[in-house]
Amino acid sequence: MLTVRMESRALLEKKLAESFAEPWGTRGTLRPEIVALTEDPVTGGVSGTLRFHVSTRSGNEALALEHPFGPLESKDDVDDCLAEALSRLLAVHSSWPR
């Protein structure tokens with residue numbers, strides 16, 4: 003069980019970096035962001051929101067998806083959160099800002 007906030011956050015950041023190390027096609031660059039991170043003082047579980055930004059044709063960034071999560075208390079929780087977020091991101095692929 004992950005008991006330290008930084009362990010959960012570091013694992014999530016590492017997995018996001020691995021997931022976005024290679025381009026996701028030609029629709030624009032995706033940039034993940036972890037925001038509103040909080041820690042449960044009792045369990046140490048981390049909650050927050052993942053935001054995925056996509057670059058548009060004009061060169062700006064637009065929000066493609068916002069995915070609230072938590073609490074993440076284990077490696078499996080982190081894996082499940084990321085799998086769900088990436089699944090949702092792909093499901094809305096056709097509506098990403100252009």
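In terms of our numbering, the sequence shown opens at residue 3 and continues consecutively. C-beta atoms are modelled at their ideal positions from N, C-alpha and C, and glycine is treated no differently.
### Message
By the DSSP assignment, the beta strand (DSSP E) with Ser57 in it spans what residues?
### Response
Indexing the sequence shown from 1 puts residue 57 at position 55. Counting along the chain, Ser57 sits inside the beta strand (DSSP E) bounded by residues Val48 to Ser57.
### Message
Along the chain, where does the beta strand (DSSP E) containing Arg33 start, and where does it finish?
### Response
In the sequence shown, residue 33 corresponds to position 31, counting from 1. Unbroken beta strand (DSSP E) run through Arg33: Leu32 to Glu41.
### Task
Please say whether Glu86 and Ser10 have beta carbons closer to each other than 9 Å?
By 1-based counting over the sequence shown, the position of residue 10 is 8. By 1-based counting over the sequence shown, the position of residue 86 is 84. The answer is no: Cβ separation not under 9 Å.
### Message
Mapping the DSSP letters down to three states, classify Thr5 as helix, strand or coil.
### Response
Position 3 of the sequence shown, counted from the first residue, corresponds to residue 5. Residue confidence is low: Thr5 scores 46 on pLDDT, short of 50, so the model does not pin down where it sits. Its coordinate-derived value is still stated next. Assigned with DSSP and collapsed to three states, Thr5 falls in coil, not helix or strand.
### Task
If I'm right that Phe71 touches Thr51 with Cβ under 8 Å, what's the distance once you round it to whole angstroms?
Sequence index remark: in the sequence shown, residue 71 carries index 69 (1-based). Sequence index remark: in the sequence shown, residue 51 carries index 49 (1-based). Indeed, because the Cβ distance is near 7 Å, the residues count as touching under 8 Å.
### Task
Report all residues from its chain with a CB closer than 8 Å to the CB of Ser89; omit the five preceding and five following residues, and keep chain order.
Locating residue 89 in the sequence shown gives position 87, where the first residue counts as 1. Nothing listed; no residue qualifies.
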